[in-house]
Amino acid sequence: MLLSNSQPGCAMTNTEPLSHLARKGHGPSTLAQVRRVIICAGTGCMANGAMKVFEKFKSEIANSGMQVILELRAEATSDEIRLSKSGCQGFCQMGPLVSVVPDGILYTKVRTEDVAEIVQQTLAGGQVVERLLYKDPATRKSSRGIEDNSFYSRQSRLVLHECGFLDPEDIREYMLHGGYQAARKAFVEMSPEEICKTILDSGLRGRGGGGFPTGRKWDAARVQNSAKKYIICNGDEGDPGAFMNRSVMEGNPHSVIEGMMIAARAIGANEMLVYVRAEYPLAVERMRRAVADAEREGILGKNVFGTGLPLKCEVMEGAGAFVCGEETAMIASIEGQRGMPRPKPPFPAQSGLWGKPTIINNVETLAHVSRILNVGPEVFRTIGTKDSPGTKTFALTGHVSNTGLVEVPFGTTLREIVYNIGGGVTDDAGKIWKTGFKAVQIGGPSGGCLTEEHLDLPLAYESLRSVGAMVGSGGLVAMNQGTCMVSIARFFMEFTQRESCGKCVLCREGTRQLLALLDDVIEGRADQNTLNLLEKLGHAVQAGSLCGLGKTAPNPVLSTMRYFRKEYEEHVFEKRCRTGRCKALLSPEINPVKCKGCGLCIKACPTGAITGEKKQPHHINSELCIKCGACATACKIHAIEGI
Amino acid sequence: MNKVTQPTLTIDGKAVVIEGERNLLELVRKANIDLPTFCYHSELSVYGACRLCLVQVEGRGIQGACSTPPEPGLKVLTTTPKIREIRRIAVELLLANHDQSCPTCPRSANCQLQILAQRLGVKKVRFKSVHQPVPLDESSPSLVRDPNKCVLCGDCVRMCSEIQGIGAIDFTHRGHEVTVQPAFGKNLGDVECVNCGQCASVCPTGALTIKSEVDPVWDLLADSQKTVVVQIAPAVRVGLGECFGLKPGEITTGRIVAALKHLGFNQIYDTSFAADLTVLEEGTEFLERKTHGGKLPMFTSCCPGWVKYAEQYFPELLPNLSTCRSPQAMFGSLLKAILPDQLKVDRKQLKVVAIMPCTAKKFEAQRPEMGVDGDPDVDHVLTTQELAQMIQSAGIMFDTLQPESFDMPFGFYTGAGVIFGNSGGVMEAVLRFAAEKVTGKKLDNVEFQQVRGDSGLREATVTVNGSELKLAVVHGLRNARVVAEQVRAGKSNYDLIEVMACPGGCVGGAGQPVTTSRDARALRTKGLYNADKMLQLHKSQDNVFITECYANFLGEIGGEKAHHLLHTTYQSRRRIADESLPLMHSPGEDKLKVSVCLGTNCFLKGSQEVLNGVLRHAEQNGLEGRLDVRAGFCFEKCETGPSVMIGGEHVQNCTAAKAIEEINSRIENETPAQTADATAAIHGANIGL
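See below:
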């Protein structure tokens, strides 16, 4: 039986037919016979109009006389078309995405105008609408679905897999696909020790940044003697450009809740809390709905799986600070205090929320848990590396052809992600630039830069740490040769200094001074001392800060200094930025040989810095010049150089 | 051979025994290494923000010593090149964001930042100054807040909330914009600060300092028209010496008198005299309450920090406070009543200066009720620190001064008056009086050891004449809250409760010299008990000048004149008044009162909908004439909101439906009134009966 619920009056009617199906083992296959149109309803696709597309499909299918089914039904017949929403399918750049299964077709960038064509050609006629297929930017070859699509085919989507086709707002879909079986097993068949051991054996490590073994963390809380313990799911994803946790919470909220339930059983907690970034309204809504549905189904409540154990779950919106992703700051925030970290020990597993043993796990970590219980730790370990088993999702952005959410096994190389999944490096206009690779910034503002020499480095916790970077929460920004590395370091430093909670001296004042020193480099005021001080201060902040934010804040500076020293030195000693991004270092000059004295630049210059007789070479007064580049834009014969 | 091996760890290669220390910092200091810190105070929670007490722990890297529990076998290094560099950088970073007008800073020379910069050999700040000047907050009568000097160690914040239980200041903003300030950026003078100044006493820099009244006092002394008399509080005599290189607790009474004479004060009196007076008044009041069934327990009222605290948070307990003014206030009022005749000066030309260990006394002196027709009884309050500054400014070599004596009669005092300066002293002094008064027999052993001690909340039972007196002595306002809440809940069986706001009582007042010595408070307390021992008289009732004062001037103890001059009244200062906004109201008395809390918490939980629901229900069912519906502000029952009061009953977690049900059930139980006028008539008739 799927659920053993002893509570009378609980909405068992909803689960009965499903459990019936699941018992007979033909649930999914029955559904598989039905043709489904799945519209991605992740934030990215929704912002691009996915809901309008969904509505359009609904009316078009109905108009065409086909039977459209919006709700999951136990017994479906093959002449129906089931139209559903899914969570984020990951290929956000190409959204809105529409999949047709079992045909295996993936349409990209679908607009409402395209819907009628899809309905007529594909659903009625069985034909593929070629122009809506994804075309590989390098090979110009189009791919029919995800199997022949390099973005998807090279990934190992475990956590993200179900996001792509389950309706996140329908708990029965999740249950039909084996959902809450692992939680039931944890509550009914396993002891807390066994659960901790299974997770420890699986080698699962925290996906939120630190990479601490999850099983060990749970065990530390399990052995605490306390009647009250808490499980907190950390959904306060704050790295710029990272959105893997959002996608999981939006796309498969029940997998997170199931992971939390297993964690709760493992440590003996009876209260759970999901702390979701307030800027993720859809994730908040879907998590809340998932909790409510789980309660209605009797999965959460006073008597979990008939064990007599109570378990409740609350969803809380974050307080809007990056630092609240740090576990002690998060606890403070939940308690209604100012979100500031406190020194550890005591660790939250000993004394956390309201002074009780508390486990805080990242969304992605928790989303792995039910699968580990289902397939066993050995199977889980078959993917990834020895010390970093499993998969990791990355938010791939920057100068690559395919941006979006990717999930790969640990041990995958950067080359694979950037070139094969990402489709290669692009220029600023989005065209493939074969020799354009410069670096990737991995791990967000806490991470570091990797260069050409690291392209074949297998990505894992230890390997990244050894080269001064970190897995972090999984931000991955690809950068082309046109990127100034000092400016990149400055970008991240500006973020961390703004997001520092201001508690400890080294982080609060240190990040601010690091930023000021970088400004000196970028604006041409730096000398050798500046570089020395950057390094010394960076190391001091790294070693001495109170929490993870401060300890990792100098990483972007230190790693760019390590791998792009030359570029820093050019800025400092030659007062030159090779990419031309650092405006203050530009020195525009008029090439007297090229200049025809037309006067266009004189008219364009906003500060009157350019003088010259007609038909004579003009001249720029460098004291008046503000390096805005207006002259260079105006000049039709490219006589203005150095800008 | 049989010696039990004690747990040890090594610090810089030396074995150190762990003896219950809470953290590595305590152990390191026990090993005679003074690790620098800004944010560690043994009495406050561990904060871990200054990053100066970093140590290298083998196998664990660099850790904050303050937040690492000692474990046997740890190998700790306190001064590696890397740690030295981090400490220097931390101090340089603070200096780069600091108003470095050090010579004119009130804390110059005892500023921790200055001292650490020197200690760590910071000769130059390598970083750019990022300091942005902001205005000072001088709104408080007692304290000056200068954010330009703040190092954000949070000591003041934790002192105010953890020890005093107030939380008048806290961190606001993020990153480098963080500041410590009262809520909503208000001024310190406009919030619930009780002026105890403990924030300033733990501030390592000049970010929180005492508001100086030195200049106006200099002006008074220079004005030949004015007669300036001065009173010195008991605790000053055991603290002032610290500013001149003497040990804490060293009694310097005679030298203080000599210095004050030198500075030009006309009459020099001892507040201990007024303390003796307080004992008689307060002791009598207590016995009166005890024997005639007055409000008990009685709280002492000498501490102005506590009085304001009680007015803010426990207005319902104000009848439990002794009506006695503080010794400073009694003295001011008495001097301004007696001296004009005695010294042949006009009251307007007579100025009273008080030298106090206390910053809250500055606020007290400015209370309108402590004066006559706008002329304050005490014109200026100087703290111990300010007096030291005047003595230094005049170039008086304090430590070599020849002691001199107080002026009479108001410079005469007993040991009971002196011990007012430490926690438990007021209680003991009152017991010395009450015991004799009740038994009618001479009390030989005057030491009530039961009420002495250092704990912040002490209880004692003293048997007088066969009946037991239950006593409590508290210091630190958080402890006072605990006791006051018991009293409010009717769960207290105390008779008399002494409350001092500052840890240790007045000896630990914020006006006392700033000290980093961890035992200064205990030494000062010991000094006062020694001063008591050295005196001939130990009981206030033995002070002949007091007896004379009653005979010639005040009349009866607790009599009319004494009441007028020596007692006072209190006012509720509750932030949120109990007022509410009438929304549905018609003439007549006999209405069911419905009050819906619209405080932030209840509002967020939907109390507005409850209110609208109730109003709609009343309108639709013609209940307008029978309900008195009000919107209230915070009922302080936030955890069970939305809160609605219906006919005096508190309905928790209220919804519109719940409220309507309750209203209906109450209305059904009543005789329906015909009209509002009829109700009034019935009501009037009842009163007539």
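Keeping their order, the protein sequence lines are chains P and R. Take 97 as the starting number for the first sequence in the numbering used here and just add one per residue. Take 9 as the starting number for the second sequence in the numbering used here and just add one per residue. Here a beta-carbon is modelled for each residue, glycine too, at the ideal position from N, C-alpha and C.
In chain order, S246, F247, R250, Q251, L492, N498, V502, V504 place their CB closer than 8 angstroms to the CB of I517 of chain P, counting only its own chain and leaving out the 5 sequence neighbours on each side. Per the Cβ contact rule, the segment 519-529 of chain P is not in contact with the segment 273-280 of chain P (fewer than 3 Cβ pairs under 8 angstroms). Counting along the chain, the unbroken beta strand (DSSP E) around F533 of chain P starts and ends at 533-538. Looking at the backbone, the Cα of V434 of chain R and that of A530 of chain R are separated by about 17 angstroms. Taking all protein chains in view, the Cβ of R68 of chain R is surrounded by fewer than 16 other Cβ atoms within 10 Å, so the residue is classified as exposed.
Taking the Cα positions, V514 of chain P is about 20 angstroms away from P541 of chain P. Between S596 of chain P and L645 of chain P, the C-beta spacing is below 8 angstroms. Ranked by Cα distance from G513 of chain R, the options R:R674, R:P77, R:S220, R:V246 are led by R:V246. For C597 of chain P, the closest Cβ of chain R is nearer than 8 angstroms. E146 of chain R carries a coil assignment under DSSP once its states are collapsed to helix, strand and coil.
Residue pairing for I736 of chain P: DSSP places it in a beta bridge opposite P:I686. Rounded to whole angstroms, the separation of the alpha carbons of S429 of chain P and A415 of chain P is 7 angstroms. Assignment of alpha helix (DSSP H) within the segment 181-260 of chain R, counting only whole runs of 4 or more residues, yields 206-210, 222-230 in chain order. The residue from R:A480, R:F418, R:D42, R:P521 with its alpha-carbon nearest to that of M508 of chain R is R:A480.
Residue state for K488 of chain P is assigned as strand, using DSSP reduced to three classes. Across the structure, Q163 of chain P and E176 of chain P are spaced so that their CA atoms are roughly 5 angstroms apart. Around R59 of chain R, the beta-carbon contacts reaching into chain P at under 8 angstroms are C600, V601, L602, G640, S641, L642. Annotated as proximal: D163 of chain R and V210 of chain R, with beta-carbon spacing under 8 angstroms. Nearest to V689 of chain P by C-alpha distance, out of P:G695, P:L681, P:A735, P:L720, is P:A735. For A730 of chain P, the CB contacts under 8 angstroms within the same chain, skipping 5 residues up- and downstream, are L696, C697, K699, A700 in chain order. Per DSSP, reduced to three states, the secondary structure at Q410 of chain R is coil, with no helix or strand assignment. Within the segment 403-418 of chain P, contact with chain R at the beta-carbon level (separation under 7 angstroms) is assigned to A417.
Interface residue (Cβ-Cβ distance to chain P less than 8 angstroms): K499 of chain R is not classified as such. When Cβ-Cβ separations below 8 angstroms define contact, A649 of chain P makes no contact with chain R.
Judged by DSSP in its simplified three-state form, V353 of chain R adopts coil rather than helix or strand. DSSP places T547 of chain P inside the beta strand (DSSP E), whose first and last residues are 544-547.
Just so you know, the alpha carbons of G620 of chain P and S583 of chain P end up roughly 13 angstroms apart.
Contact note: K136 of chain R reaches chain P through Q609, A612, L613, D616, using a C-beta cutoff of 9 angstroms and chain order. Among the bridge pairs identified by DSSP, L358 of chain R is matched with R:T235. Cβ-Cβ separation between P256 of chain R and Q120 of chain R: approximately 18 angstroms, too far for a contact (criterion under 8 angstroms). Near chain P, meaning a CB-to-CB distance below 8 angstroms, the residues of the segment 163-191 of chain R are D178, F179, H181, R182, G183, H184, E185, V186.
Contact fails between the segment 560-568 of chain P and the segment 600-608 of chain P, because fewer than three Cβ pairs, one in each stretch, are under 8 angstroms apart.
Of all alpha-carbon atoms in P:S343, P:N341, P:M368, the one lying nearest the alpha-carbon of E354 of chain P is that of P:M368.
Annotation: D284 of chain R to T235 of chain R spans about 25 angstroms, alpha carbon to alpha carbon.
Nearest to E436 of chain R by alpha-carbon distance, out of R:D178, R:K445, R:L268, R:A424, is R:A424.
Scanning chain R for C-beta atoms nearer than 7 angstroms to the C-beta of Q446 of chain P yields nothing, as the closest lies near 11 angstroms away.
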